[in-house]
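Data first, discussion second: the structure below is written as structure tokens.
In the working numbering, the protein residues as written are 866 to 1661.
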């Protein structure tokens, strides 16, 4: 549901909708000589005054194997006596360097540009229909989503230009066969012999395209070029990318603006599994997946299956990776024993309630380990965070380290806001834990000699008295107190005491003062043990560590299993598909939905499953209920998914009898494996099959109704449809009041279609009945009229 400007919302609630009209902005398509392409301008032309008529705008939510939000074409009738929309005329909006085709249209509704809401973003994909006798132009505008169907998905690949091919072999009485340096080749843009372009089918033939582990082969079939130097321009399919990264790459090649994207993290179904078994040595290093062993899996663990800091002993660990419904990062940490000297800071405010205002860590509390992995490519740094003993929270993160040094001095910092923990490395956020419900007793700075780690610090971010986060200086490791309130204990602050445990560490002491608990002064140095003496009511202090105290740690049998970035698709073969087709495939295999919202933001998100209504369509909004139907043509009681050599079949014949199969027999629907899935994958079919069958085996009411113009509701919203219906009961009957309340058609519905009629200032809804006992009283008037056709004492 859209939040409207207050004045527009008030106008829509009134009975006078005059003055609410379409508002149309034009962004001309302009030639960019530097980029050698056309692109829409960033400043619009308001053509509202020229719009004689705005045709009906229809938007629809398709509900099936994919949820796709679409919009129909809109026809604008333009008054154009000065030929503004005729290219090349003296007063044209489109002089040389501009063109109508590809220009963008933004459609709003409201009373003026200060009181409007967006409805539709489109593009002109045809030339105007000119009516010279009437000085008018009819311009057809299509949804911006259709632009994605014009872009070849293969543009999201890795190009290689001018590569000299290597001779692979040459058979008797045949030309030489050359191979590419890379495997997984998607296709060739050009093949050259001594720099001259060759013709495929005449001069050469290609084979082994799209092979995950094999190079492409180029066989020269024209004897003239048998001895020539062969070079080529070609592209390879990308590998090991998450769905989010694939979506981002597809939108990049489509030139979709970065600030108009909402790509949400994909949570895979719990039935999608990948077996993983590995012999692991508990030593410095990490286990690297061998791609060759997992060729049969289209969905793989990214990078390393596990990584560990220092440890001893050897073990064999076997696991099976399972996606859970709320799975993002699967992690575990075990520390069998911790020993060695520790050093840290301890501090408190001398005057106050007597409770500790300091956050600390203990040996068996939060452990931060940063481990440099040497002699690996690429070199990397691992950060493990977790409870030391018998705990259930841990994390591992890997990031590339581009400096070839073997000794690191990089700060690791932690912020805690309520029960949310955020980990920073090198000034960048690398991990976040929600509902991390643990406390620590003592802050510890430490370095592990066998891990070669130095200058590690923890930063806990505090809240002021109003719940606002205090932002300390993060340039160096710091230990920071809570925000303290002076209270009624005196008009001035006393002393802060702090103890350095261990020797050799150095730190600066700073204090921050505030009168309101929100706006703090810049840091002021203070001496430990001396009164601060300021009269402001709020304070927090920091120990900024310039060098840590010496410490030693011995950590044994520490294993950090790393799944930091989710799961990846191993080989992204996009041959012959458009960007829109690939997005549709991704929506199918993930169960996500996609489209463009009214702010022109492309979204890819979990299907909206809420059944809680956001509005009521009653006599104040509705003109009439037009139809109540059930679309039998979309019903399926058997679903066949051909994701493997042996198709998987799912029947809607379980649960309470009679089942859909009992009622309607076997009605079959088949869904083929998407091209993105390069190998047989019955597990994926097993995961998504029941979900899809649940959708197709439903036979819900589909309701169409007409209401007055409503600009706040949008596709996917849940509404309560409430309509008074005529009774077949004589009002004079003595028990009429017993049945008076049965005439209400009251259903919870999902909006799957919106048809805006600007001429009548009305909207036609298409609604899918999603009523259940939790979201709406089930009062179907047909049922009650069947049960109570006449009152008990009804008389003619």
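We put the CB at the ideal spot given by N, CA and C, even for glycine.
Requested in this report: Following the continuous alpha helix (DSSP H) through residue 1525, name the residue where it begins and the one where it ends.
Outcome: Segment 1525-1529, the alpha helix (DSSP H) holding residue 1525.
**Report entry** Buried or exposed (CB count within 10 angstroms, at least 16 for buried), residue 917
**Finding:** So residue 917 ends up on the exposed side.
**Report entry** Per-residue burial, residue 998 [other beta carbons within 10 Å of its own, 16 or more giving buried]
**Finding:** By the neighbour-count rule (16 or more Cβ atoms within 10 Å), residue 998 is not buried but exposed.
Query raised in the report: Relative to the alpha-carbon of residue 1091, which residue among 1062, 1065, 1041 and 969 has its alpha-carbon at the smallest distance?
Result: The option with the nearest alpha carbon to residue 1091 is 1041.
Query raised in the report: Looking at the structure shown, is residue 1477 part of a helix, part of a strand, or coil, going by DSSP?
Result: Looking at residue 1477 - three-state DSSP - the assignment turns out to be coil, as it is neither helix nor strand.
Query raised in the report: How many angstroms separate the CA atom of residue 826 from the CA atom of residue 1128?
Result: This structure gives no information on residue 826, because the portion of the chain shown stretches from 866 to 1661.
Query raised in the report: Thinking just about the alpha-carbon of each residue, which of 970, 871 and 979 is nearest to the one in residue 989?
Result: Per the Cα distances, 970.
Query raised in the report: Can you pull the DSSP bridge partners for residue 1100?
Result: According to DSSP, residue 1100 shares a beta bridge with 1024 and 1052.
**Report entry** DSSP three-state assignment for residue 1112, whether helix, strand or coil
**Finding:** Here residue 1112 sits in helix by DSSP.
Query - Distance CB(residue 1489)-CB(residue 1570) smaller than 8 Å - result: Contact: yes.
Requested in this report: Please determine if the segment 1025-1032 and the segment 1059-1074 are in contact, where contact requires at least 3 C-beta pairs separated by less than 8 Å.
Outcome: Two segments are said to touch when three or more pairs of C-beta atoms, one from each, lie closer than 8 Å; by this definition the segment 1025-1032 does not touch the segment 1059-1074.
Query raised in the report: Between the C-alpha atoms of residue 1399 and residue 1379, what's the straight-line distance to the nearest angstrom?
Result: Annotation: residue 1399 to residue 1379 spans about 10 Å, alpha carbon to alpha carbon.
Query raised in the report: Quick one, which of 1543, 984 and 914 has its alpha-carbon nearest residue 1619's?
Result: Looking only at 1543, 984 and 914, the smallest Cα-Cα distance to residue 1619 is reached by 984.
Query raised in the report: Just how far apart, CA to CA, sit residue 1243 and residue 1105?
Result: Because the pLDDT of residue 1243 is 31, which lies under 50, any placement of that residue in the model is unreliable, and the number read from its coordinates should be weighed accordingly. Those two C-alpha atoms are separated by around 16 Å.
Query - Limits of the unbroken alpha helix (DSSP H) element including residue 1714 - result: Nothing can be reported for residue 1714: it is not among the residues displayed for the chain, which extend from 866 to 1661.
Query raised in the report: Under 8 Å, do residue 1529 and residue 922 count as touching if we go by C-beta distance?
Result: Taking a C-beta distance under 8 Å as the contact criterion, residue 1529 and residue 922 do not qualify as a contact pair.
Query raised in the report: Which two residues bound the contiguous beta strand (DSSP E) that contains residue 1032?
Result: Its beta strand (DSSP E) spans residues 1031-1035.
Requested in this report: Under 8 Å by Cβ, that's how I've got residue 1126 and residue 1467 pegged, so tell me the actual separation to the nearest angstrom.
Outcome: The Cβ separation is near 5 Å, so the contact holds.
Query raised in the report: Which one of 1461, 964 and 1435 has the shortest CA to CA distance from residue 892?
Result: Residue 892 has its Cα closest to that of 964, out of 1461, 964 and 1435.
Requested in this report: Enumerate, from N- to C-terminal direction, the unbroken beta strand (DSSP E) stretches of 3 or more residues contained entirely within the segment 1513-1587.
Outcome: With a minimum length of 3 residues, the continuous beta strand (DSSP E) runs that stay inside the segment 1513-1587 are 1513-1516, 1533-1537 and 1567-1573.
Query raised in the report: Starting from residue 1125 and walking both ways along the alpha helix (DSSP H), at which residues does that stretch end?
Result: Looking at the DSSP string, residue 1125 is not in any alpha helix (DSSP H), and its letter there is neither H nor E.
Query raised in the report: Does DSSP classify residue 1625 as helix, strand or coil?
Result: Correct three-state label for residue 1625: coil.
Query raised in the report: Hey, would you say residue 879 sits closer than 8 Å to residue 1016, going by beta carbons?
Result: In this structure, residue 879 lies away from residue 1016, with their beta-carbon atoms at least 8 Å apart.
Query raised in the report: CB residue 873 to CB residue 975, shorter than 8 Å?
Result: Contact annotation: residue 873 and residue 975 have beta-carbon atoms nearer than 8 Å.
Query raised in the report: According to DSSP, is residue 1322 helix, strand or coil?
Result: Here residue 1322 scores only 27 on pLDDT, less than 50, and its place in the model should not be relied on; the value that follows carries that caveat. The answer is coil: DSSP assigns residue 1322 none of H, G, I, E or B.
**Report entry** Touch test, the segment 1079-1096 against the segment 1436-1454, Cβ-Cβ under 8 Å, three pairs minimum
**Finding:** In this structure the segment 1079-1096 does not lie against the segment 1436-1454, because fewer than three pairs of beta carbons, one per stretch, are closer than 8 Å.
Query - Buried or exposed (CB count within 10 angstroms, at least 16 for buried), residue 1144 - result: Any reading at residue 1144 must be qualified, since the residue scores a pLDDT of 31, below 50, and its modelled position is unreliable; the value itself is stated next. Residue burial annotation: residue 1144 is exposed, with fewer than 16 other C-beta atoms found within 10 angstroms of its C-beta.
Query raised in the report: Can you name the start and end residues of the beta strand (DSSP E) that residue 876 belongs to?
Result: Segment 871-878 is the alpha helix (DSSP H) holding residue 876; no beta strand (DSSP E) there.
Query raised in the report: On the three-state DSSP scale, how would you describe residue 1498?
Result: In the structure shown, residue 1498 sits in a helix (DSSP, three-state: H, G or I).
Requested in this report: Tell me whether residue 1534 is buried or exposed, calling it buried when 16 or more other Cβ atoms sit within 10 Å of its Cβ.
Outcome: With 16 or more other Cβ atoms within 10 Å, it is buried.
Query raised in the report: Which runs of the beta strand (DSSP E), 3 residues or longer, sit entirely within the segment 934-1006?
Result: The beta strand (DSSP E) runs of length 3 or more contained entirely in the segment 934-1006 are, from start to end of the chain, 939-944, 963-977, 980-989 and 994-996.
Query raised in the report: Considering residue 1358, what are the terminal residues of the beta strand (DSSP E) in which it resides?
Result: It is not in any beta strand (DSSP E) - residue 1358 carries neither H nor E in the DSSP assignment.
Query - Same chain, Cβ closer than 6 Å to residue 1087, five either side skipped, listed in chain order - result: Correct list, in chain order: 1068.
Requested in this report: Can you tell me which of the three DSSP states residue 1229 falls into?
Outcome: With a pLDDT of only 27 at residue 1229, under 50, the local geometry of the prediction cannot be trusted, and no value is derived from it.
Query raised in the report: Secondary structure at residue 1079, three-state DSSP: helix, strand or coil?
Result: Here residue 1079 sits in coil by DSSP.
Query raised in the report: Considering only residues of the same chain and omitting the five flanking positions on each side of residue 1047, which have a CB-CB separation below 7 Å?
Result: Closer than 7 Å at Cβ, skipping near neighbours: 1025, 1080 and 1101.
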